[in-house]
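To convert, count from 1 in the sequence shown and add 13; that's the numbering used here. All C-beta atoms in this analysis are idealised placements derived from N, C-alpha and C, irrespective of residue type, glycine included. For clarity, every value in this text was computed on a predicted model and none was experimentally measured.
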Amino acid sequence: MNVLLTSEVSGFFSFLNPIIDLLQDLGHTGLALYTFFEVVLIIPPIEVIYYPLILLDVDNWYLYLLNVIFFNVIASAFGYYVGKKIGYPVLRYFASEDILEKAHKLFENWGILAVAIGAFVPFIPYTIVVFLGGITKMDFKKFMIAGFLGRVPRYIIGGYLVAFVVQGIDSAELNEYMLIVSIVGMLLFIIYYIMQGLYNLYKRQRAN
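So this is what it looks like as C-alpha coordinates:
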(Lines of atoms letter the chains of each structure in order from A; the text may use other names.)
(Lines give C-alpha, C1' and ligand atoms only; values in the text may rest on other atoms or scores of the structure.)
Protein backbone atom coordinates (compact mmCIF):
# COMPACT_ATOMS: atom_id res chain seq x y z
CA MET A 14 0.00 0.00 0.00
CA ASN A 15 1.38 3.42 -1.00
CA VAL A 16 0.76 5.57 2.07
CA LEU A 17 1.05 9.34 1.71
CA LEU A 18 3.68 10.02 4.33
CA THR A 19 5.58 13.20 5.04
CA SER A 20 9.09 13.50 6.41
CA GLU A 21 8.99 17.25 6.98
CA VAL A 22 6.52 19.90 8.09
CA SER A 23 5.89 23.38 6.77
CA GLY A 24 4.66 26.70 8.07
CA PHE A 25 4.81 27.61 11.75
CA PHE A 26 6.00 24.15 12.83
CA SER A 27 8.88 24.01 10.34
CA PHE A 28 11.24 24.51 13.31
CA LEU A 29 10.55 20.83 14.09
CA ASN A 30 12.27 19.65 10.90
CA PRO A 31 15.79 19.39 12.45
CA ILE A 32 14.32 17.11 15.14
CA ILE A 33 12.61 15.01 12.46
CA ASP A 34 15.88 14.79 10.52
CA LEU A 35 17.68 13.71 13.70
CA LEU A 36 15.11 10.96 14.32
CA GLN A 37 15.51 9.69 10.77
CA ASP A 38 19.31 9.71 11.10
CA LEU A 39 19.17 7.81 14.40
CA GLY A 40 16.67 5.26 13.10
CA HIS A 41 16.91 1.79 14.58
CA THR A 42 20.20 2.51 16.35
CA GLY A 43 18.73 5.47 18.19
CA LEU A 44 15.59 3.50 19.05
CA ALA A 45 17.67 0.62 20.42
CA LEU A 46 19.76 2.93 22.60
CA TYR A 47 16.73 4.82 23.86
CA THR A 48 14.91 1.56 24.61
CA PHE A 49 17.83 0.38 26.72
CA PHE A 50 18.25 3.62 28.66
CA GLU A 51 14.48 4.04 29.12
CA VAL A 52 14.55 0.88 31.23
CA VAL A 53 17.65 1.62 33.32
CA LEU A 54 17.17 5.40 33.69
CA ILE A 55 14.05 7.41 34.49
CA ILE A 56 13.51 9.23 31.20
CA PRO A 57 10.36 9.78 29.08
CA PRO A 58 8.72 6.52 27.92
CA ILE A 59 9.85 4.84 24.73
CA GLU A 60 6.71 5.98 22.90
CA VAL A 61 8.14 9.50 22.54
CA ILE A 62 10.56 8.18 19.91
CA TYR A 63 8.83 4.89 18.94
CA TYR A 64 5.67 6.54 17.55
CA PRO A 65 7.40 9.30 15.55
CA LEU A 66 9.69 6.73 13.92
CA ILE A 67 6.67 4.63 12.94
CA LEU A 68 5.00 7.72 11.46
CA LEU A 69 8.12 8.34 9.36
CA ASP A 70 8.31 4.72 8.10
CA VAL A 71 4.87 3.20 8.61
CA ASP A 72 5.31 0.29 6.18
CA ASN A 73 8.13 -1.08 8.36
CA TRP A 74 6.49 -0.42 11.74
CA TYR A 75 6.91 -4.08 12.73
CA LEU A 76 10.71 -3.73 12.52
CA TYR A 77 10.59 -0.97 15.12
CA LEU A 78 8.36 -3.23 17.22
CA LEU A 79 10.92 -6.05 17.10
CA ASN A 80 13.64 -3.54 17.95
CA VAL A 81 11.97 -2.27 21.13
CA ILE A 82 11.01 -5.79 22.26
CA PHE A 83 14.53 -7.19 21.82
CA PHE A 84 16.38 -4.36 23.55
CA ASN A 85 13.76 -4.06 26.27
CA VAL A 86 14.43 -7.68 27.26
CA ILE A 87 18.19 -7.04 27.43
CA ALA A 88 17.71 -3.82 29.41
CA SER A 89 15.25 -5.45 31.83
CA ALA A 90 17.74 -8.18 32.69
CA PHE A 91 20.52 -5.63 33.14
CA GLY A 92 18.31 -3.34 35.25
CA TYR A 93 17.28 -6.24 37.49
CA TYR A 94 20.89 -6.95 38.42
CA VAL A 95 21.71 -3.25 38.81
CA GLY A 96 18.82 -2.97 41.25
CA LYS A 97 20.01 -6.06 43.07
CA LYS A 98 23.56 -4.72 43.46
CA ILE A 99 23.11 -0.98 43.95
CA GLY A 100 19.57 -0.83 45.28
CA TYR A 101 17.29 1.77 46.71
CA PRO A 102 19.66 4.80 46.93
CA VAL A 103 19.84 4.96 43.14
CA LEU A 104 16.05 5.13 42.87
CA ARG A 105 15.90 7.93 45.44
CA TYR A 106 18.20 9.98 43.22
CA PHE A 107 15.97 9.65 40.15
CA ALA A 108 12.44 9.55 41.59
CA SER A 109 10.40 11.30 44.26
CA GLU A 110 9.47 9.58 47.50
CA ASP A 111 5.80 9.66 46.45
CA ILE A 112 6.47 7.63 43.32
CA LEU A 113 8.66 5.16 45.21
CA GLU A 114 6.00 4.74 47.87
CA LYS A 115 3.34 4.00 45.24
CA ALA A 116 5.64 1.47 43.61
CA HIS A 117 6.37 -0.24 46.94
CA LYS A 118 2.65 -0.54 47.67
CA LEU A 119 2.07 -1.99 44.23
CA PHE A 120 4.73 -4.64 44.87
CA GLU A 121 3.39 -5.42 48.34
CA ASN A 122 -0.17 -5.87 47.09
CA TRP A 123 0.41 -7.65 43.80
CA GLY A 124 3.89 -9.21 43.84
CA ILE A 125 4.99 -10.52 40.42
CA LEU A 126 1.75 -9.21 38.90
CA ALA A 127 2.99 -5.73 39.81
CA VAL A 128 5.81 -6.18 37.30
CA ALA A 129 3.35 -6.92 34.50
CA ILE A 130 1.12 -4.03 35.53
CA GLY A 131 4.06 -1.64 35.83
CA ALA A 132 5.36 -2.78 32.45
CA PHE A 133 2.04 -2.11 30.74
CA VAL A 134 0.91 1.20 32.24
CA PRO A 135 2.91 4.42 31.80
CA PHE A 136 2.03 5.96 35.17
CA ILE A 137 4.99 4.50 37.09
CA PRO A 138 8.41 4.64 35.38
CA TYR A 139 9.44 1.10 34.42
CA THR A 140 12.91 1.76 35.82
CA ILE A 141 11.42 1.72 39.32
CA VAL A 142 9.65 -1.58 38.63
CA VAL A 143 12.81 -3.18 37.25
CA PHE A 144 15.04 -1.97 40.08
CA LEU A 145 12.54 -3.02 42.74
CA GLY A 146 12.44 -6.45 41.14
CA GLY A 147 16.16 -6.73 41.82
CA ILE A 148 16.01 -5.08 45.25
CA THR A 149 13.28 -7.46 46.46
CA LYS A 150 15.13 -10.42 44.88
CA MET A 151 12.17 -11.65 42.86
CA ASP A 152 12.61 -14.89 40.96
CA PHE A 153 14.49 -13.77 37.84
CA LYS A 154 12.61 -15.98 35.35
CA LYS A 155 9.21 -14.95 36.70
CA PHE A 156 10.30 -11.32 36.69
CA MET A 157 11.38 -11.47 33.04
CA ILE A 158 8.23 -13.29 31.92
CA ALA A 159 5.98 -10.84 33.76
CA GLY A 160 7.81 -7.87 32.26
CA PHE A 161 7.63 -9.40 28.79
CA LEU A 162 3.89 -10.06 29.10
CA GLY A 163 3.34 -6.48 30.22
CA ARG A 164 5.50 -4.59 27.76
CA VAL A 165 5.00 -6.54 24.53
CA PRO A 166 1.20 -6.00 24.34
CA ARG A 167 1.77 -2.30 25.04
CA TYR A 168 4.24 -2.03 22.17
CA ILE A 169 2.11 -4.09 19.79
CA ILE A 170 -1.15 -2.25 20.51
CA GLY A 171 0.42 1.22 20.37
CA GLY A 172 2.54 0.56 17.29
CA TYR A 173 -0.25 -1.16 15.38
CA LEU A 174 -2.76 1.59 16.14
CA VAL A 175 -0.37 4.30 14.96
CA ALA A 176 0.41 2.38 11.76
CA PHE A 177 -3.24 1.45 11.18
CA VAL A 178 -4.44 5.03 11.56
CA VAL A 179 -1.78 6.36 9.19
CA GLN A 180 -2.52 3.68 6.59
CA GLY A 181 -6.22 4.52 6.82
CA ILE A 182 -5.64 8.23 6.16
CA ASP A 183 -5.01 8.89 2.47
CA SER A 184 -3.94 12.47 3.07
CA ALA A 185 -0.42 13.86 3.30
CA GLU A 186 -1.79 16.94 5.09
CA LEU A 187 -3.44 14.91 7.87
CA ASN A 188 -0.34 12.75 8.22
CA GLU A 189 1.70 15.93 8.60
CA TYR A 190 -0.57 17.02 11.45
CA MET A 191 -0.12 13.62 13.12
CA LEU A 192 3.64 13.94 12.82
CA ILE A 193 3.52 17.44 14.35
CA VAL A 194 1.41 16.22 17.29
CA SER A 195 3.79 13.30 17.82
CA ILE A 196 6.95 15.45 17.81
CA VAL A 197 5.41 18.17 20.00
CA GLY A 198 4.23 15.48 22.41
CA MET A 199 7.76 14.09 22.55
CA LEU A 200 9.17 17.53 23.40
CA LEU A 201 6.53 18.16 26.08
CA PHE A 202 7.28 14.79 27.71
CA ILE A 203 10.99 15.57 27.78
CA ILE A 204 10.40 19.03 29.27
CA TYR A 205 8.10 17.54 31.90
CA TYR A 206 10.66 14.93 32.95
CA ILE A 207 13.41 17.55 33.15
CA MET A 208 11.24 19.84 35.28
CA GLN A 209 10.16 16.94 37.50
CA GLY A 210 13.79 15.93 38.02
CA LEU A 211 14.78 19.48 38.94
CA TYR A 212 11.83 19.72 41.33
CA ASN A 213 12.80 16.44 43.03
CA LEU A 214 16.36 17.71 43.40
CA TYR A 215 15.08 20.98 44.88
CA LYS A 216 12.90 19.13 47.41
CA ARG A 217 15.82 16.94 48.52
CA GLN A 218 18.04 20.00 48.99
CA ARG A 219 15.34 21.72 51.04
CA ALA A 220 14.91 18.60 53.17
CA ASN A 221 18.64 18.54 53.94
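| message | Given a cut-off of 8 Å on the beta-carbon distance, is the pair W74 and A176 in contact? | response | The residue you call residue 74 lines up with position 61 of the sequence shown. The residue you call residue 176 lines up with position 163 of the sequence shown. Contact flag set, yes.
| said: Looking at the secondary structure, which residues open and close the alpha helix (DSSP H) in which K97 lies? | reply: For the purposes of this step, residue 97 is taken as the residue at position 84 of the sequence shown. W74 to K98 is the extent of the alpha helix (DSSP H) around K97.
| Near I82, which residues of its chain fall below 7 Å by C-beta distance, leaving aside the five closest residues on each side in sequence? | As a first step, residue 82 is located in the sequence shown; it is residue number 69 there, counting from the start. Once the five neighbours on either side are set aside, the close Cβ partners of I82 are V165 and Y168.
| request: Evaluate E60 with the Cβ neighbour count: other Cβ atoms within 10 Å of its Cβ, from every protein chain shown; 16 or more gives buried, anything less gives exposed. | output: Here residue 60 refers to the residue found at position 47 of the sequence shown. Buried.
| request: Could you tell me if E110 is buried or exposed, where buried requires 16 or more neighbouring beta carbons within 10 angstroms of its beta carbon? | output: On the sequence shown, position 97 is the one that residue 110 refers to. Flag for E110 reads exposed.
| said: Report the start-end ranges of each alpha helix (DSSP H) in the segment 37–66 that is 4 residues or longer and not cut off at the edges. | reply: Listed in chain order, nothing qualifies, since the segment 37–66 has no complete alpha helix (DSSP H) run of 4 or more residues.
| field | Contact the segment 114–133 vs the segment 38–51: 3+ CB pairs below 8 Å | value | no
| query | For V178, which three-state DSSP category applies? | reply | Indexing the sequence shown from 1 puts residue 178 at position 165. V178 falls in the helix class under three-state DSSP.
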